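Encoded as structure tokens, the structure appears first; notes follow it.
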Amino acid sequence: MYIAMNRFRVRPDSENAFRARWLDREVHLKTVPGFVSFQFLKGPTHEDYVLYASHTVWASYEAFVGWTQSEQFRAAHANAGQGKPLTVGPPQFEGFEVLQNVEA
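Written out as structure tokens, the structure reads:
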């Protein structure tokens with residue numbers, strides 16, 4: 000398995016717009032081979048930003064790379080960077096190879 004995460008430092012005055020951008024969007028992930036799950040996460044609030052993260056689990060690193068090269072990826076990111084900036088700087092990507100997975 001492979002986990003792909005993006006961390007976003009969201010401007011406090013843009014938090015509602017940021018959440019709406021994510022929660023109201025069309026989800027293309029379900030149609031991509033190797034997709035396992037997705038979580039949209041809210042973290043701690045700081046003085047100048049609120050931390051958010053997207054967390055996607057893939058069957059393998061190769062499945063993740065397939066997503067980044069897919070038509071679905073292009074459609075999901077077609078409007079990225081347009082409109083008023085909602086974050087403090089660009090997102091921070093982190094990718095992880097899963098070495099152990101414990102489930103209930």
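Heads up, the sequence shown is in numbering that gives the first Met the number 0, so the first residue is 0 and it goes up one at a time.
Idealized CB from N, CA, C, for every residue including glycine.
Just so you know, these numbers come straight off a predicted model, no measurement behind them.
Secondary structure of residue i, DSSP reduced to three states
i	result
Arg10	coil
Tyr60	helix
Gln68	coil
Asn5	strand
Ala75	helix
Closest Cα partner of residue i within the set the options
i	options	result
His54	Pro90, Asn15 and His45	Pro90
His27	Gln71, Met4, Asp12 and Ile2	Gln71
Pro11	Glu96, Asn100 and Val49	Val49
Alpha-carbon spacing of residue i relative to residue j, whole angstroms
i	j	result
Ala19	Ile2	24 Å
Gly42	Val9	10 Å
Host beta strand (DSSP E) of residue i (start-end)
i	result
Glu25	Glu25 -> no beta strand (DSSP E), and no H or E assigned at all.
Thr44	Phe34 to Thr44
Gln91	Gln91 to Glu96
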